[in-house]
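Step one of this worksheet: look at the structure below.
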Amino acid sequence: MKGLLIISGLGVLAMLAEIFRFKKLLLPIVLLGIVAAYAFNFMEWNNGFVISYFNNMIAFDKMGIAFSGIIIATAFFWFILANDYFEDETNVVDHFALVLFALVGALMLTSFKNMTTLFLGVEIMSIPLYVLAASQKKDLKSNEAGFKYLIMGSFASAFLLFGIALIYGSTGSFDIMEIRQHISAHTAELPTFFYVGVVMMLVAMCFKVSAAPFHFWAPDVYQGSPTLITALMSTIVKTAAFAAFMRLFMIGFAGVSELWTGILAVIIAISLVVANFSAAMQSNVKRMLAYSSISHAGFMLMVILANIRSNISVDAILYYSLAYSIGSIAAFGIVYNVTKGGDESFDAFNGLAKRNPGMALCMTVAMLSLAGIPVTSGFFAKYFVFTAMIGTSYKWLLILAVLTSAVGAYYYLKVIIAMYFKPQQNTEPVIVERSQVMVITLTSAIVIAIGVVPGIVAEMFRF
Amino acid sequence: MLTALLIGFPLIASLLVFFIKGNASRNIALGASVIQFAISLAAFFMYRHNPDNAILSFNHTWVQSLGINFAVSLDGISMLLVLLTTFLVPLIILSSFKNEYENPHSFYGLILLMQMALIGVFVANDGFLFYVFWELALIPIYFICLLWGGENRGKITFKFFVYTLLGSLFMLVGLIYLYNHTGGITGVKSWMVNDLYEAGRSLDLKQQSAVFWMIFIAFAIKMPIFPFHTWQPDTYVNAPTQGTMLLSGIMLKMGTFGVIKWLLPVVPLGLEAWGGTAITLSVIGIVYASCIAIVQKDYKRLIAYSSIAHVGLISAGILTATQQGVQGAVMQMLAHGVNVVGLFLIADILLRHTGTREIDKLGGIRGMNGNFAVLFLIVLLGAVALPLTNGFIGEFLLINGVYQYSAWMAAFAGLSVILGAVYMLRSYQGIMLGERKDNNMAFGPLATTDKAVLIIICVVIIAFGVYPKPLNDLAEEGVKQILMNLK
Chain S
134 MKGLLIISGL
144 GVLAMLAEIF
154 RFKKLLLPIV
164 LLGIVAAYAF
174 NFMEWNNGFV
184 ISYFNNMIAF
194 DKMGIAFSGI
204 IIATAFFWFI
214 LANDYFEDET
224 NVVDHFALVL
234 FALVGALMLT
244 SFKNMTTLFL
254 GVEIMSIPLY
264 VLAASQKKDL
274 KSNEAGFKYL
284 IMGSFASAFL
294 LFGIALIYGS
304 TGSFDIMEIR
314 QHISAHTAEL
324 PTFFYVGVVM
334 MLVAMCFKVS
344 AAPFHFWAPD
354 VYQGSPTLIT
364 ALMSTIVKTA
374 AFAAFMRLFM
384 IGFAGVSELW
394 TGILAVIIAI
404 SLVVANFSAA
414 MQSNVKRMLA
424 YSSISHAGFM
434 LMVILANIRS
444 NISVDAILYY
454 SLAYSIGSIA
464 AFGIVYNVTK
474 GGDESFDAFN
484 GLAKRNPGMA
494 LCMTVAMLSL
504 AGIPVTSGFF
514 AKYFVFTAMI
524 GTSYKWLLIL
534 AVLTSAVGAY
544 YYLKVIIAMY
554 FKPQQNTEPV
564 IVERSQVMVI
574 TLTSAIVIAI
584 GVVPGIVAEM
594 FRF
Chain B
80 MLTALLIGFP
90 LIASLLVFFI
100 KGNASRNIAL
110 GASVIQFAIS
120 LAAFFMYRHN
130 PDNAILSFNH
140 TWVQSLGINF
150 AVSLDGISML
160 LVLLTTFLVP
170 LIILSSFKNE
180 YENPHSFYGL
190 ILLMQMALIG
200 VFVANDGFLF
210 YVFWELALIP
220 IYFICLLWGG
230 ENRGKITFKF
240 FVYTLLGSLF
250 MLVGLIYLYN
260 HTGGITGVKS
270 WMVNDLYEAG
280 RSLDLKQQSA
290 VFWMIFIAFA
300 IKMPIFPFHT
310 WQPDTYVNAP
320 TQGTMLLSGI
330 MLKMGTFGVI
340 KWLLPVVPLG
350 LEAWGGTAIT
360 LSVIGIVYAS
370 CIAIVQKDYK
380 RLIAYSSIAH
390 VGLISAGILT
400 ATQQGVQGAV
410 MQMLAHGVNV
420 VGLFLIADIL
430 LRHTGTREID
440 KLGGIRGMNG
450 NFAVLFLIVL
460 LGAVALPLTN
470 GFIGEFLLIN
480 GVYQYSAWMA
490 AFAGLSVILG
500 AVYMLRSYQG
510 IMLGERKDNN
520 MAFGPLATTD
530 KAVLIIICVV
540 IIAFGVYPKP
550 LNDLAEEGVK
560 QILMNLK
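These protein sequences, in sequence, are chains S and B. Numbers in our numbering are just positions in the first sequence, counted from 1, shifted up by 133. Numbers in our numbering are just positions in the second sequence, counted from 1, shifted up by 79.
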């Protein structure tokens with residue numbers, strides 16, 4: 134909770150920076166604040182007991198704290214990576230504040246106890262992102278991205294709100310624990326519109342995690358937004374949305390799982406197939422990463438599907454989120470530097486091995502991790518998913534996941550082939566700022582480290 | 080501990096080599112691989128002295144909550160394959176001395192890394208560890224083929240990678256399925272090989288059949304067996320010579336070794352039900368690949384197809400699950416590893432000296448370089464498994480094993496011997512004998528390194544043809560242990 138407060142405070146502080154003229158100091162302050170937030174988060178983890186706030190609107194239990202930890206750590210790396218995104222712009226301060234508020238929304242989503250907090254979290258997270266997506270004001274694509282994201286996002290929010298209303302109407306509560314109890318007490322007499330509400334919320338959440346067929350916004354928004362904002366969306370936002378998805382469906386709607394697991398299985402299947410085959414056809418790296426993030430969403434949803442039936446712990450999805458977020462930070466950091474010239478196709482990577490061997494190596498690690506090759510963390514993430522799925526009755530989905538993973542290797546390898554094998558048209562070395570080199574190297578090293586000793590992380594997440 | 084050293088040493092050496100610029104890296108790589116061979120020889124003698132020596136196994140918990148252990152040990156079969164790997168890698172490195180490669184430090188670093196992964200595959204006693212090494216072996220060879228390969232390498236290596244990855248993922252699912260069935264009595268799940276064997280045998284026929292195919296596909300693609308072989312000829316031809324040697328000499332054995340250790344004892348019922356189908360596929364592969372080999376013009380491609388034929392016979396022998404069949408397969412794996420490296424080196428020498436590998440354009444080389452002709456002939460006779468060469472005992476046992484399974488299969492498999500002799504001798508005739516096709520073509524004396532490698536290979540071919548006992552004993556004992564599990 135203290136972490137959430139600190140970051141909200143930072144957001145307000147950022148807005149004051151313009152007036153009191155400490156713009157230059159803002160980044161160090163924000164980084165310090167994030168470290169402090171992480172420290173408090175960690176202390177709450179060690180405390181071990183759950184305190185709920187505001188009449189049980191929000192409560193940081195182990196699961197919430199774990200997700201918050203992943204989000205805050207990712208945010209730390211992201212801010213260092215993004216320092217020159219802030220330098221270029223005239224309205225730095227607004228951007229800082231917007232990102233920080235999005236972070237606040239994300240943290241709320243990890244630990245809501247009540248449907249209203251859920252809705253608030255979704256909106257607090259999304260509204261800054263609509264603005265950030267369009268933050269390259271003179272770029273047509275960026276404007277398109279912001280606009281598309283706003284319209285589609287509002288649509289999803291409307292679904293979410295309608296779903297909440299219907300569920301409130303049938304159960305008489307916003308509190309997810311009370312809803313859970315109501316479901317188990319009155320299983321037979323739930324009205325039809327309750328089920329409609331659950332499905333509507335499922336649709337809204339699938340939109341937020343960009344699972345197919347509710348993914349149409351993702352490629353355009355990922356491509357059009359400034360690369361670093363795309364990185365934010367595919368790491369922090371995604372993790373938060375999954376945390377919310379999990380809490381809502383695995384705790385709140387566990388009693389009616391027969392209703393939504395079938396639908397979810399179909400959604401996962403569509404996500405895997407559509408995303409992987411579309412990604413294979415892309416020529417733009419950012420679009421490829423967008424589709425890849427849809428396919429990873431499919432994988433993460435599989436854990437939810439498996440858990441509800443066999444009640445394994447949540448460590449698989451936590452590990453997956455961590456591995457995916459860290460790997461994506463490294464990947465986007467490099468994509469950002471490579472595509473600075475404006476060329477966002479795979480050709481931009483041609484000859485990177487010669488133009489900047491260190492970055493090429495880090496990109497290789499990131500791509501192999503996303504493809505799920507040992508001993509990267511992406512492999513263990515995939516392994517946990519397979520392990521979770523094999524005990525369920527959805528074996529067909531598992532086979533589909535295996536087949537589409539092989540397709541996945543195709544487009545990740547395309548980047549590696551371009552870096553090492555394609556002749557370069559542009560022989561200039563790619564110069565990366567020192568702080569960014571640090572983040573990229575560090576995140577790549579973490580990708581390998583938690584792949585070699587996954588026990589440390591996996592055992593921590595087993596509570 | 081010594082086994083862990085066998086994995087650790089090449090890893091450290093490879094990291095070292097990555098940081099050494101220029102051609103010094105290849106000398107260091109060669110030195111490291113020779114030391115590695117010495118270590119494995121030490122292990123070999125210790126193993127002969129006392130197979131249960133504690134120094135030969137190593138067990139350390141890796142991920143406790145998931146029952147994953149870093150468990151490695153040696154048995155008869157893995158000892159032989161480790162020996163093969165450590166014997167071949169120095170030869171492969173030595174054979175590259177006449178080729179100038181860009182960025183030699185990465186090239187040799189990757190070869191050593193590959194060695195690490197290969198040895199890991201052969202000594203792993205934990206299913207998960209086995210899988211990790213199995214996948215890890217793919218990455219260095221992928222980069223070797225991608226960075227130093229011939230024309231069109233992008234597309235071809237890519238097909239190779241995706242093909243084998245797909246197979247591996249199926250195997251992973253199969254292994255996880257087994258893992259989920261472990262711990263029946265104690266409730267503690269484990270990846271240890273014996274627990275997986277037990278879990279596999281507790282399954283019913285339907286489940287065993289599913290697991291059989293899941294795992295077999297990975298091995299079948301790696302070997303490769305008809306109809307999963309389509310990646311192989313292009314990859315072999317386009318890879319740099321050393322890459323081809325690694326692929327065919329050692330990596331191919333990952334597949335056959337996998338079937339022996341990670342398939343036969345795991346799903347005996349599945350094997351009974353589907354082994355026949357798999358043997359049929361293998362035998363079809365033998366005949367099919369041999370026929371294609373006969374009409375090949377490019378000598379390297381011819382060897383690639385002959386490799387499919389050989390591995391088909393090996394796989395058929397293993398799948399019979401008879402003592403002779405499996406033991407013959409192990410012996411043939413060793414012989415094929417050595418011979419095929421020799422053959423690919425010969426293809427490389429031809430290309431370097433004459434600028435072509437096309438059999439039609441070559442001819443009369445014997446007249447220009449008699450020594451080469453003799454060495455070539457010895458390697459060739461090993462490959463066609465003439466008595467008193469190393470190929471003979473394996474092939475004899477294999478056909479014997481297949482005969483015990485089915486006389487018809489043996490008849491078709493036996494065709495491979497005849498067809499093999501046809502394409503091998505014809506190619507020799509075309510390349511070495513007859514008239515010179517191009518009078519300008521000269522074929523000077525061999526480079527020292529090439530000669531050294533070929534002589535070592537020829538000595539091994541004859542030595543183990545005449546006296547295969549030390550290897551055969553190990554193979555016999557190792558296979559007995561595996562087959563005991565089947566009963």
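Beta carbons: idealized from backbone N, C-alpha and C, even for Gly.
Beta-carbon neighbours of residue i, restricted to chain S and to distances below 7 Å
i      : result
I255/B : F519, T520, I523
E214/B : I506, P507
G233/B : I550, F554
DSSP state of residue i mapped onto helix, strand, coil
i      : result
D480/S : helix
S201/S : helix
F307/S : coil
I506/S : coil
N417/S : strand
N247/S : strand
D205/B : strand
E437/B : strand
M522/S : helix
D131/B : coil
V540/S : helix
Y546/B : coil
Q557/S : coil
A486/B : helix
R595/S : coil
Q406/B : helix
S404/S : helix
Residue i: contacting residues in chain B (beta-carbon distance under 7 Å)
i      : result
S538/S : L248
P587/S : V142
R567/S : The premise fails here: R567/S is roughly 22 Å from chain B at the closest Cβ pair, so nothing lies under 7 Å.
V535/S : L248, F249, V252
R595/S : S144
Opposing strand residues paired with residue i [DSSP bridges]
i      : result
T140/B : N148/B
Y186/S : I191/S
M271/B : D205/B
D377/B : E437/B
Where residue i meets chain S, residues with beta-carbon distance less than 8 Å
i      : result
F237/B : Y543, L546, I550
L226/B : Y553, F554
F240/B : A542, L546
N259/B : T520, I523, G524
Chain B residues whose Cβ lies nearer than 8 Å to that of residue i
i      : result
A591/S : V142, S144, L145
L531/S : V252
Chain B contact residues for residue i, given Cβ-Cβ distances below 9 Å
i      : result
R488/S : Result: empty, since nearest Cβ-Cβ is about 15 Å, beyond 9 Å.
Beta carbon proximity, residue i to chain A, threshold 7 Å
i      : result
L245/B : Given the protein chain composition of this structure (S and B), no chain A is represented.
(request) For the stretch 289 to 302 of chain B and the stretch 347 to 365 of chain B, state whether three or more C-beta atom pairs, one from each stretch, are separated by less than 8 Å. (result) By the Cβ test, the stretch 289 to 302 of chain B is in contact with the stretch 347 to 365 of chain B, since at least three Cβ pairs between them sit closer than 8 Å.
(message) Please identify, using Cβ separations under 8 Å, the residues of the stretch 180 to 195 of chain S that lie next to chain B, in order along the chain.
(response) none
(message) Beta carbons nearer than 9 Å to chain B: which residues of the stretch 232 to 246 of chain S have them?
(response) none
(message) Does the contact criterion of 3 or more C-beta pairs under 8 Å hold for the stretch 533 to 548 of chain B versus the stretch 176 to 192 of chain B?
(response) no
(request) Check each residue of the stretch 195 to 222 of chain B: if its Cβ is closer than 9 Å to any Cβ of chain S, include it; give the result in chain order. (result) F207, Y210, V211, F212, W213, E214, L215, L217, I218, Y221, F222
(request) For the stretch 552 to 566 of chain S and the stretch 501 to 510 of chain S, state whether three or more C-beta atom pairs, one from each stretch, are separated by less than 8 Å. (result) no
(message) Between the stretch 222 to 229 of chain B and the stretch 357 to 368 of chain B, can you find at least three pairs of beta-carbon atoms closer than 8 Å?
(response) no
(message) Under 8 Å, with one C-beta from each stretch per pair, do the stretch 226 to 237 of chain B and the stretch 254 to 263 of chain B reach the 3-pair mark?
(response) no
(message) I want to know whether the stretch 190 to 198 of chain B touches the stretch 241 to 249 of chain B - three or more CB-CB distances under 8 Å.
(response) no
(request) Report yes or no: do the stretch 175 to 189 of chain S and the stretch 264 to 272 of chain S share at least 3 C-beta pairs separated by less than 8 Å? (result) no
(message) Could you check whether the stretch 239 to 249 of chain S touches the stretch 296 to 310 of chain S, counting it as contact only if at least three pairs of C-beta atoms, one from each stretch, sit closer than 8 Å?
(response) As far as the Cβ criterion goes, the stretch 239 to 249 of chain S touches the stretch 296 to 310 of chain S, which means the pair count is three or higher.
(request) Take every Cβ of the stretch 457 to 466 of chain B, pair it with every Cβ of the stretch 414 to 426 of chain B, and state whether three or more of those distances are shorter than 8 Å. (result) yes
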